[in-house]
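Residue numbers (the UniProt record's numbering): 1 to 120.
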């Protein structure tokens, strides 16, 4: 898998990413060139700068499902998580949310390891 980022229809960055997490429905990786982090969950892709990703992942890890869950018409409790775009949210059942939390925690740890290895 390669990242290609576009700016005004011109490729800015095309490089093989550093994989931080690769699980069943979630893939989190960082572009070696521009250092942006891609969060790919099912059919949704969010892009973050490193600090933005750290902030997002930390807030996910601190979130309590039971306190924030909403009862949906299908008789399932779900949690709604805002993304970097105000009109797009994630919506998770309890098991999905715990898997997502686990992936965010793992990605933060792997990101810190990668940053530590890259520093002189």
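Cβ atoms here follow ideal geometry from the backbone N, Cα and C, with glycine treated the same way. As the structure is a prediction and not an experimental result, all values here were calculated from the model.
Assuming residue i and residue j make a contact with CB atoms under 8 Å, what is their CB distance in whole Å?
i          : j           : result
residue 57 : residue 108 : 5 Å
residue 26 : residue 100 : 7 Å
Closest by CA to residue i, which one among the options?
i           : options        : result
residue 53  : 83, 97, 32, 43 : 83
residue 121 : 65, 85, 87, 15 : Nothing in the structure corresponds to residue 121, since the chain is present only between 1 and 120.
residue 74  : 93, 59, 13     : 93
residue 14  : 35, 116, 20    : 35
List the DSSP bridge partners of residue i.
i          : result
residue 47 : 38
residue 27 : 22, 40
residue 89 : 82
Please tell me whether residue i and residue j are closer than 8 Å, where the distance is taken between their beta carbons.
i           : j          : result
residue 32  : residue 16 : yes
residue 39  : residue 50 : no
residue 104 : residue 37 : no
residue 97  : residue 80 : no
residue 30  : residue 45 : no
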